[in-house]
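Below you'll find the structure, written out as structure tokens, and then a few comments.
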Amino acid sequence: MMDRITVVEGDITEQKVDAIVNAANTSLLGGGGVDGAIHRAAGPALLEECRTLNGCATGEAKMTSGYRLPARWVIHTVGPVWHGGKNQEDELLARCYRNSLALAVQSGVRTIAFPSISTGAFSFPQERATRIAVREVRRFLESNSSIEQVIFVCFGKQAYQTYLDMLGEPTT
Ligand code: AR6
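In case it helps, the working numbering puts the sequence shown at residues 2 to 173.
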């Protein structure tokens, strides 16, 4: 199981995987952070397709082509904005991972890369978000054998170290 989860430090737009996940907002019409990077790298056709999707609710996921990206697909999910932790932030973040993985399986995706959803502009605490990300991916992989590789792509050394630490902890 653990060999199906890897963590790298880098730019998600460069990942050679079947699908990359975008940490989008409910409009799905672009933004900063990883969303901006993905739209820049994919080219304007991505925004054109996103316009047809009528947005996306928090915790849900929708899929598009990857256009100029090395990845064939982009799975757009909307993480929760952190409001202190008592507004279902944990559950909504968990749903981002579950729904993204379910959508990936439906499309025959075998390799998928995730950014650290909600931990940038949406201010979700890094450790808490990483614990949820690792737990949800582990749980999903336990009951699914079609996904071969999940890559957590970390932007910066600190996030990278947090993922390494969390992956080293025993499953709870
Ligand atoms: N590759 C991998 N990770 C990245 C990259 C990249 N190229 N760029 C940033 N990150 P954020 P959010 C990391 O803010 O918190 C957008 O405007 C970043 O360091 O991109 O879910 C959307 O349109 C952080 O760890 O997403 C929404 O409005 C993580 O990606 C809003 O931001 C997520 O940071 C979503 O906020």
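Idealized CB from N, CA, C, for every residue including glycine. These figures come from a predicted structure and were not determined experimentally.
So what does residue i bridge to, in DSSP terms?
i      : result
Thr112 : Gln150
Val22  : Ile76
Thr65  : Val75
Cys155 : Glu10
Could you check where the beta strand (DSSP E) with residue i kicks off and where it finishes?
i    : result
Ile6 : 6-10
Considering residue i, what are the terminal residues of the alpha helix (DSSP H) in which it resides?
i      : result
Lys158 : 158-169
Cys57  : Taken as a continuous stretch (DSSP letters only), Cys57 belongs to no alpha helix (DSSP H), as it is neither H nor E.
Gly37  : 34-43
Thr131 : 127-143
If you check the beta carbons only, do residue i and residue j fall under 8 Å apart?
i      : j      : result
Ala23  : Thr78  : The amino acid occupying residue 23 in the given sequence is Asn; Ala does not appear at that position. Against a cut-off of 8 Å, the Cβ pair of Thr78 and Asn23 comes out as a contact.
Gly37  : Ala122 : no
Ile6   : Ile13  : no
Glu15  : Lys158 : no
Val138 : Tyr98  : yes
Val75  : Leu47  : yes
Phe141 : Leu102 : yes
Gly60  : Leu93  : yes
Asp19  : Thr163 : no
Leu104 : Ala62  : yes
Leu70  : Ala114 : no
Ser108 : Met64  : yes
Arg129 : Met167 : no
Quick check for students: name the residue ranges of the alpha helix (DSSP H) that lie wholly in the stretch 72-109, counting only runs of 4 or more. Entirely contained in the stretch 72-109, the alpha helix (DSSP H) runs reaching 4 residues are, in chain order, 90-107.
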